Amino acid sequence: MLASLMERIPVMIMVTGALVGMAGTLVGSFLVLSGRSMLSDAISHSIILGIVVVWLLTGQQTGPIQTIGAAVTGLLTVFLTQALVRTRRMRNDAAIGLVFPVFFALGVLLLNVYARDVHIDEHTVLLGEIGFIWLDNITIAGYELPRSLVAMSAITLVNLLFVGVFYKELKLATFDPMLARALGFAPGVLSYGLLLLTSVTAVAAFDAVGVILFVAFVIVPPATAYLLTERLWLMLVIGCLVSVIASVTGYILANYWDVSIGGMMAVMTGVAFTLAFLLAPRHGLLPRWWRARRDAAHNRAAIDDSAEAKRPS
Amino acid sequence: MADALHEPQLALHVEDLTVSYQNKPVLWDIDLDLPPGVMAAVVGPNGAGKTSLIKAILELIPSLAGHVRILGKPYRQQRGRVGYVPQRSAVDWEFPTTALDVVTMGLYGRLGWLRRPGRREREEAMQALEQVAMADFAHRQISQLSGGQQQRVFLARALVQQAEVYFLDEPMAGVDATTERAIVNILGELRDAGKTIIVVHHDLQTVRTYFDWLVLLNVGVVAQGPVSEVYTAANLRRAYGGQVALLEGNGMPADKPTPPDPQRDQTGDVF
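Residue numbers (the working numbering), protein chains in the order written: chain A, 980 to 1292; chain B, 357 to 627.
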């Protein structure tokens, strides 16, 4: 009994990590492509305030109300940021940087004051505890499963459904929002839908990976996939694959070196990105350097040939 | 009442349109009437509000006052009959997609929400790419196309919409001479087929050869009408202010009608 549980825990941790990455990639790809990926950073920090406020009001640490409360805080961050930008007194990046630290700081202060003895502390807030997800289980159809795993499965499915159903609309709104609007697709509504799901994903991922690592899982796999393909659907698929690989290798290496599992998983997304940055067939640094060198040699040879031809015989 | 036609004989009717950013008027009290079947240039100095005019007509930016009718109805009811080509710089050409896919986006309006483009849409998009001589580049990633080729893809995306009124924002900016001629010829063919073409244009030199209708804009409408009547030194001076001295040195006509347009007699394809 104990042996089979021990066997299952590593699998559950790896699957949970992979699910965070996949759910993150599905929304993150569109954020990265429209140059708004830092909104995921803002959202994942701000939701702390929502989580703490809901916990103070209802005593609940997880569940639907918690999710709604945090998601509302996430959207409020986006809304306030855009309202600040609309005053034209502030650029987008500064507005993001102004809003979310305030929310995050408020959340952390409330934690300090009211939650000294509760398991959500600053460390968990930042990095999560993916190694201990099996401490909080729920039973579904006779199987005892970590709550994080179940939550991440649900949100991955929701994100997949959203992207699957609105794929064409999301693509157009990301590539050419003006045409999307002219054709009567509401890119603003779609964008808020996307950011709502980003907030909900951040809440679901919060216990497992915390706010900092969540940002890595939303931005790095899509950014890696972007270097490896020139098709949007493939970018989504590759981003999900990168997430799976990073979770599995991250878990194994974390065990081997006895370091933070979530941290190692995020590092592995970074390793995947670095490899793609150096080696990607078309956009990678090394293939480009090699092509430039080959072309230069080719040109030199052509010049030598023409010089040879001009020489009187 | 909303369905009653207002100025139905006009392709585009704009009345009292005013747009402002931060209390600074960008467009002031615009009255504009365009008959169907013309190819119109919207010309004016930088900051004259040319792009804002198109965006306000298509309800992409809010207007403070005024109304717009396209073929007698508000734009919302006429989306399917209007084609729009934004400035090339308005989109990210590094986006992971192909030329064919970008053209297919022109059909999304007809498809509506949720329906996916299928074989029929791909074939239509391919035909539009053939029309702009870009069929060979259909499966290229869009960042691998030159500026002129990208502009042709954008034009193909508008063609595939099979609209009756076309709005194009600087379609000839930063393209090679061949592409410019190709674009002008395609737009001319559309005009000859009875479509109405409205082009934000930057090059005064070519206004008389390319267009038959002219709207001179500088926050307000300075002059509008057939090119032969509107393209006068006095009007240009009023639109451009001090900059016109430079233009007059460049073979500007005095206040007299222009000779017939040689471009209109051209037939056949340049490709």
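Idealized CB from N, CA, C, for every residue including glycine. Since the structure is predicted, the reported quantities are computational estimates derived from the model, not experimental observations.
Taking Ala489 of chain B as the query, report the chain A residues whose CB atoms sit under 9 Å from its CB, ordered along the chain.
Per Cβ cutoff of 9 Å: no residues; Ala489 of chain B is ~22 Å from chain A at best.
Mapping the DSSP letters down to three states, classify Gln580 of chain B as helix, strand or coil.
strand
Val447 of chain B touches chain A at which residues, Cβ-Cβ below 7 Å?
Phe1154, Asp1155
Output the distance between the C-alpha atoms of Glu545 of chain B and Lys1147 of chain A, rounded to the nearest integer angstrom.
31 Å
Can you look up His1262 of chain A in the DSSP assignment and give me helix, strand or coil?
coil
Can you tell me which of B:Gln497, B:Ile498, B:Gln483 puts its alpha carbon nearest to the alpha carbon of Ala491 of chain B?
Among B:Gln497, B:Ile498, B:Gln483, the Cα nearest to that of Ala491 of chain B belongs to B:Gln483.
Give the C-beta separation of Arg547 of chain B and Val394 of chain B to the nearest angstrom, bearing in mind that I take them to be a contact with Cβ-Cβ under 8 Å.
Arg547 of chain B to Val394 of chain B, Cβ: 7 Å. Contact.
Got a sec: which bits of the stretch 520-537 of chain B sit with their beta carbon under 7 Å from any beta carbon on chain A, in order along the chain?
none
With a threshold of 8 Å, are at least 3 pairs of Cβ atoms found where one atom belongs to the stretch 1051-1061 of chain A and the other to the stretch 992-1008 of chain A?
Put simply, the stretch 1051-1061 of chain A does not touch the stretch 992-1008 of chain A. Fewer than three CB pairs are less than 8 Å apart.
Kindly give me the distance between the Cβ atoms of Leu416 of chain B and Met1157 of chain A, rounded to whole angstroms, as I take these residues to be in contact under 8 Å.
6 Å
Buried or exposed for Tyr440 of chain B, going by 16 or more other Cβ atoms inside 10 Å?
buried
Would DSSP call Arg435 of chain B helix, strand or coil?
helix
Would you list, in sequence order, the uninterrupted alpha helix (DSSP H) runs of no fewer than 4 residues that lie entirely inside the stretch 432-506 of chain B?
Within the stretch 432-506 of chain B, the complete alpha helix (DSSP H) runs of at least 4 residues are 455-460, 464-467, 475-487.
At 3 residues or longer, and completely inside the stretch 1117-1199 of chain A: list those beta strand (DSSP E) runs for me, N to C.
The stretch 1117-1199 of chain A is shown to contain whole beta strand (DSSP E) runs of 3 or more residues at 1122-1125, in chain order.
Using 7 Å as the threshold, is the C-beta distance between Tyr1230 of chain A and Ile988 of chain A below it?
Taking 7 Å as the Cβ cut-off, Tyr1230 of chain A and Ile988 of chain A do not qualify as a contacting pair.
Go ahead and pull the three-state DSSP assignment for Arg1068 of chain A.
Correct three-state label for Arg1068 of chain A: coil.
With 16 as the cutoff for other CB atoms within 10 Å, does His557 of chain B come out buried or exposed?
In summary, His557 of chain B is buried, with 16 or more beta-carbon neighbours lying within 10 Å of its beta-carbon over all protein chains present.
Within the continuous beta strand (DSSP E) that includes Tyr522 of chain B, where are the two ends?
521-525
From Leu1128 of chain A to Tyr1122 of chain A, what does the alpha carbon distance come to, in whole angstroms?
12 Å
May I have the straight-line CA-CA distance separating Asn606 of chain B from Ala421 of chain B, to the nearest angstrom?
Any reading at Asn606 of chain B must be qualified, since the residue scores a pLDDT of 49, below 50, and its modelled position is unreliable; no value is offered.
Would you mind telling me which residues of chain A sit closer than 9 Å to Thr453 of chain B, beta carbon to beta carbon, in chain order?
Lys1150, Phe1154, Glu1209, Arg1210, Leu1211
Leaving out the 5 sequence neighbours to the left and right, which residues in its chain are closer than 7 Å to Ser1023 of chain A when beta-carbon positions are compared?
Correct list, in chain order: Ala1181, Val1190, Phe1193, Val1194.
Check the C-beta distance from Glu363 of chain B over to Arg437 of chain B and give it rounded, since I have them as a contact under 8 Å.
Contact flag wrong, Cβ pair sits at about 15 Å.
So that I know if they touch, is there some Cβ in chain A lying closer than 7 Å to that of Pro391 of chain B?
Look at Pro391 of chain B: its C-beta is not under 7 Å from any C-beta on chain A.
For the alpha helix (DSSP H) containing Tyr596 of chain B, name the first residue and the last one.
Tyr596 of chain B -> alpha helix (DSSP H) spans 589-596.
So what's Leu543 of chain B in DSSP terms, helix, strand or just coil?
When secondary structure is reduced to three states using DSSP, Leu543 of chain B falls in the helix class.
Is the separation between the beta-carbon of Arg432 of chain B and that of Gln506 of chain B shorter than 7 Å?
no
I need the boundaries of the beta strand (DSSP E) containing Trp384 of chain B, first residue and last residue.
For Trp384 of chain B, the enclosing beta strand (DSSP E) starts and ends at 380-390.
Determine the DSSP secondary structure at Met395 of chain B, reduced to helix, strand or coil.
strand
Looking at the C-beta of Arg435 of chain B, does it have a partner C-beta in chain A at a distance below 7 Å?
Yes, Arg435 of chain B lies at the interface with chain A (some Cβ there is under 7 Å from its Cβ).
Rounded to whole angstroms, what is the Cα-Cα separation between Val409 of chain B and Leu383 of chain B?
Per the sequence shown, residue 409 of chain B should be read as Leu rather than Val. If I take the Cα positions, the gap works out to 7 Å.
Could you work out which residue in B:Arg478, B:Glu486, B:Ile498 is closest to Thr454 of chain B when comparing CA atoms only?
B:Ile498
Give the secondary structure of Asn402 of chain B by DSSP, where H, G and I count as helix, E and B as strand, and everything else as coil.
coil
Tell me the DSSP secondary structure of Arg425 of chain B in three-state form.
strand
Please list, in chain order, the residues of the stretch 1053-1085 of chain A that have any C-beta partner in chain B closer than 7 Å.
Arg1067
If I follow the unbroken alpha helix (DSSP H) through Val1031 of chain A, where does it start and stop?
First-last of the alpha helix (DSSP H) with Val1031 of chain A: 1017-1037.
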